[in-house]
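Novice: In my numbering, the protein residues as written are 122 to 259.
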């Protein structure tokens, strides 16, 4: 099938727009998790930065360190914004269960509390308790 030059340009433009939109959505979703981890760990870096010379002249910062908040706090995954790939990093979550979490979120809207994860087929009380320290809902 031979397309005219104008049709070629329109098809290329449509393909570019679709790929750009998909890439932008992926960037937004993955950016949420990175930002959450950075904000939580940034506080501990500032708190622990007093070991270099000249730190006496810096004002004290009253943000909690990793020791106070726990390393798990800084690495929690927001189940309302995480991709299936990110959810697979959680303990006991494989590709199928991660896909069901994303599908449930898209079908019925965001999770309001961590306890609402039991809406997902395959997540019962035991799995929920194992996930609780690793997830947040925002």
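Where a beta carbon is used, it is the ideal one built from N, C-alpha and C, also for glycine.
Predicted model only: the values in this text are computed from it and were never measured.
According to DSSP, is residue 200 part of a helix, a strand, or is it coil?
Specialist: Three-state DSSP puts residue 200 in coil, outside helix and strand.
Novice: Residues in its own chain within less than 6 Å of residue 206 by CB, not counting five upstream and five downstream?
Specialist: Counting only Cβ-Cβ distances below 6 Å, and skipping sequence neighbours, we find nothing.
Novice: Since residue 214 contacts residue 200 with CB under 8 Å, what's their CB separation in whole angstroms?
Specialist: Contact flag wrong, Cβ pair sits at about 10 Å.
Novice: Does the beta carbon of residue 258 come closer than 7 Å to any beta carbon on chain B?
Specialist: Looking at the structure shown, chain B is missing, and only one protein chain is on hand.
Novice: Would you call the CB atoms of residue 257 and residue 210 closer than 7 Å?
Specialist: Against a cut-off of 7 Å, the Cβ pair of residue 210 and residue 257 comes out as no contact.
Novice: What's the gap between the Cα of residue 146 and the Cα of residue 247?
Specialist: Approximately 33 Å between the Cα atoms of the pair.
Novice: Taking the alpha-carbon of residue 230 as reference, which of 202, 140 and 139 has the nearest alpha-carbon?
Specialist: Per the Cα distances, 202.
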